[in-house]
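Residue numbers (my numbering), protein chains in the order written: chain A, 1 to 361; chain B, 1001 to 1086.
The C-beta atom is built at its ideal place from N, Cα and C for all residues, glycine as well.
Here the structure comes first, spelled out in structure tokens, and everything after it is commentary.
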């Protein structure tokens, strides 16, 4: 029996009958039949889409809101004792024994590693870097005064900083989240590390790095200052990058000069794809997609990871995201995914479009 | 002869440089520059630092792992003296 008391056509009626009703001379009946036919078409397609969706995609779409499986983070932290080989590094901490440690750098990376793992698991159902529970390996005190942190394809490595421009690269959770996200990207789109694809690779790391920090500090889009590495860089006026205003993280710095990041595509820097050219400016031009994300997330309001983060993550794991993707490809995919998750013409879709528009992509 | 080590790359791309005088022969330096060349097929390290050695008019990228024991002290000295160049 039809339970729709307002509209008898919104019931289970055979298709041949619906076709006849659509051709009815009564305009009201014909309109309702056309509307019903359209809804049936959408329901059929939705059903096909959801049947084919992976667990990951279902999580993104909010169909699975809570993880039922019990998974735990696996992590080891090593002390390189200012040397440059990993073989002689001493195990400082591991998640199995969870022993107490005194090393500040060690504590920092445990905190940042946990915050990153929790972020991916609790929000997206992603179990570690490879989504298969990969053991997270972090190495602190690497080399003497190394002013850097990196992901080498197997591990995250942090230096203590030179002590004058930079302090320990473990000081900011966003830097730790940034490095871990390089591993995630490598296991997903595996974006080339050059030119626009490389800048997108860097941007995804900044986007997730900042959200990991914001979530850890319970900061919404208004409360966050959108600075990456604000503690790593010595001096209250400086940070490594600004997502809110790329190119302003440091100005007139006595050693570094000015932050070279552009915020908009018309300022894109065509640098050589060489070591000295930062492989086409991957750390420079990332300011453009970073700014697009900031504008999109800010316009959506609330916590960045709740809406904008879902969109960006679903793009990162989308198999159609090519290794050599350009900014315009990610722009299009974020719009497609925003429509998929929130529906066409919703404010979230407008916010994404506005983000890329302001970044002039 | 003067040798120059340049470091590029990193979380924020900065260039650092150091140079020193060495008493090595041209032949020794030419041989060194071949040995320390990185594997061109090696994957790019995300946020990694990259090194380049310049001797006279010729330069080569450097894989620090490949530096022979007898030259480790030289590279260690150069690394410790790296300064930011604008």
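Taking 8 Å as the CB threshold, residue 329 (chain A) stays off the interface with chain B.
The C-beta distance from residue 1043 (chain B) to residue 280 (chain A) rounds to 17 Å, too long to fall under 8 Å, and the pair is not in contact. Residues of chain B whose Cβ lies closer than 7 Å to the Cβ of residue 148 (chain A) are, in chain order, 1010, 1011, 1047 and 1049. For residue 206 (chain A), the enclosing alpha helix (DSSP H) covers residues 195-216. Closest in alpha carbon position to residue 203 (chain A), among A:108, A:360, A:168 and A:246, is A:246. Here DSSP, grouped into helix, strand and coil, assigns residue 1076 (chain B) to helix.
In chain order, 275 and 276 make up the part of chain A whose C-beta sits under 8 Å from the C-beta of residue 1052 (chain B). Residue 272 (chain A) sits exposed, since fewer than 16 C-beta atoms from the chains shown fall within 10 Å of its C-beta. Rounded to the nearest whole angstrom, the C-alpha separation of residue 1086 (chain B) and residue 276 (chain A) is 13 Å. For residue 1007 (chain B), the uninterrupted beta strand (DSSP E) run begins and ends at 1002-1009, by DSSP. Distance check between residue 1066 (chain B) and each of B:1047, B:1032, B:1026 and B:1046 places B:1032 closest, using alpha-carbon atoms only.
Annotation: residue 1052 (chain B) is outside any alpha helix (DSSP H); the continuous beta strand (DSSP E) that includes it extends over 1049-1055. Setting aside the 5 residues that flank it on each side, residue 107 (chain A) is surrounded in the same chain by 101, each with a C-beta closer than 8 Å to its C-beta; the list follows chain order. Residue 178 (chain A) sits in a helix when the DSSP states are folded into three classes. With a cutoff of 8 Å on beta-carbon distance, residue 119 (chain A) and residue 211 (chain A) are scored as near each other.
Within the model, the alpha-carbon separation for residue 249 (chain A) versus residue 259 (chain A) is close to 6 Å.
Residue 1013 (chain B) and residue 278 (chain A) do touch by the CB rule: their CB atoms are close to 4 Å apart, below 8 Å. Taking 8 Å as the CB threshold, residue 1086 (chain B) lines the interface with chain A.
Inclusion of residue 288 (chain A) and residue 308 (chain A) in the CB contact set at 8 Å is not warranted, their separation being larger than that value.
In terms of beta-carbon proximity, residue 1025 (chain B) stays away from the interface with chain A, with every pair separated by 8 Å or more.
For residue 1048 (chain B), the closest of A:333, A:142 and A:350 by C-alpha to C-alpha distance is A:142.
Chain B places no beta carbon closer than 8 Å to that of residue 123 (chain A), leaving this residue out of the contacts.
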